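Engineer: Heads up: the sequence lines are chains A and B, in that order. When the first sequence is numbered by my numbering, its final residue is 125 and no position is left out of the sequence of numbers. When the second sequence is numbered by my numbering, its final residue is 117 and no position is left out of the sequence of numbers. Cβ coordinates follow ideal geometry from the N, Cα and C atoms, glycine included. Since this is a predicted model, take the numbers as computed values, not measurements.
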Amino acid sequence: DQQVKQNSPSLSVQEGRISILNCDYTNSMFDYFLWYKKYPAEGPTFLISISSIKDKNEDGRFTVFLNKSAKHLSLHIVPSQPGDSAVYFCAAKVQGGSEKLVFGKGTKLTVNP
Amino acid sequence: NAGVTQTPKFQVLKTGQSMTLQCAQDMNHEYMSWYRQDPGMGLRLIHYSVGAGITDQGEVPNGYNVSRSTTEDFPLRLLSAAPSQTSVYFCASSPRGVHEQFFGPGTRLTVL
Numbered sequence: 013d014q015q016v017k018q019n020s021p022s023l024s025v026q027e028g029r030i031s032i033l034n035c036d037y038t039n040s041m042f043d044y045f046l047w048y049k050k051y052p053a054e055g056p057t058f059l060i061s062i063s064s065i066k067d068k069n070e071d072g073r074f075t076v077f078l079n080k081s082a083k084h085l086s087l088h089i090v091p092s093q094p095g096d097s098a099v100y101f102c103a104a105k106v107q108g109g110s111e112k113l114v115f116g117k118g119t120k121l122t123v124n125p
Numbered sequence: 006n007a008g009v010t011q012t013p014k015f016q017v018l019k020t021g022q023s024m025t026l027q028c029a030q031d032m033n034h035e036y037m038s039w040y041r042q043d044p045g046m047g048l049r050l051i052h053y054s055v056g057a058g059i060t061d062q063g064e065v066p067n068g069y070n071v072s073r074s075t076t077e078d079f080p081l082r083l084l085s086a087a088p089s090q091t092s093v094y095f096c097a098s099s100p101r102g103v104h105e106q107f108f109g110p111g112t113r114l115t116v117l
């Protein structure tokens, strides 16, 4: 049973435009959500996160939106740059307990010059 | 700081062989974990540790053993490698109470 779902395996956008990556989850006990970025042959790197008590978090060109009622979050990248081309993973943490993260399958973003 | 380091970067094994994937961090992080990444499967948690001497199973623990004798090191052991364990393995760590995990560069393992 997949608790964190990224239904779009790939996304292609033009440089300068907005990239929107989506993530859905099923576990109501998730209280913290993270986005990781991964380049080929490298480990994932943390990008941005959001607590379940917020609905928006912004860091430069990156904004994450959380809709708890819909169990949906999205990552907006504005403006998109060719260097943003990577695989983006959505991850979630269960309230309390350990720091275990549950990851989605990832979305490959390609930003075309 | 070197961050999270993993050795080796690449490894080829024959079915039935054993080996240990090494993971070390120099940030004094309490939490450490091992993930495997397979095509179309995302990152799946194998084992994790909340501190020295404490380990627990993740989502896909079968065929793997771990131990945590020091804060710095968290080795992953394959006792009898199988082709199904062909994957890219990532180690990660984080300080207590911090949800963002720092990942190592990965080990690409092929089991023939």
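If you run the structure through DSSP and keep just helix, strand and coil, what is Gly58/B?
Structural biologist: In the structure shown, Gly58/B sits in coil (DSSP, three-state: anything other than H, G, I, E or B).
Engineer: Under the DSSP definition of a beta bridge, which residues are partnered with Tyr69/B?
Structural biologist: DSSP, once it has assigned bridges, lists Leu83/B as partnering Tyr69/B.
Engineer: Ser20/A and Leu121/A - do their beta-carbons sit closer together than 7 Å?
Structural biologist: No, the pair does not count as a contact, with Cβ atoms beyond the cut-off.
Engineer: Would a check of beta-carbon distances place Val55/B closer than 7 Å to chain A?
Structural biologist: Interface residue, yes.
Engineer: So that I know if they touch, is there some Cβ in chain A lying closer than 7 Å to that of Leu48/B?
Structural biologist: At least one chain A Cβ lies under 7 Å of Leu48/B.
Engineer: What's the call for Arg101/B, buried or exposed, on a 16-neighbour Cβ count within 10 Å?
Structural biologist: Burial call: exposed.
Engineer: Compare the C-beta of Pro66/B against all C-beta atoms of chain A and say whether one is closer than 7 Å.
Structural biologist: No, no contact with chain A.
Engineer: Taking the Cβ atom as the reference point for each residue, do Lys117/A and Gln18/A lie within a distance shorter than 7 Å?
Structural biologist: Taking 7 Å as the Cβ cut-off, Lys117/A and Gln18/A qualify as a contacting pair.
Engineer: Where Cys35/A and Trp39/B are concerned, what is the direct C-alpha to C-alpha distance, given to the nearest angstrom?
Structural biologist: Looking at the two C-alpha atoms, the distance is approximately 23 Å.
Engineer: DSSP beta-bridge partners for Lys14/B?
Structural biologist: Answer by DSSP bridge pairing: none, since Lys14/B is not bridged.
Engineer: Note down, in chain order, all residues in the segment 73–98 of chain B with a beta-carbon under 7 Å from any beta-carbon belonging to chain A.
Structural biologist: Listed by position, the residues of the segment 73–98 of chain B near chain A (Cβ gap below 7 Å) are Phe95.
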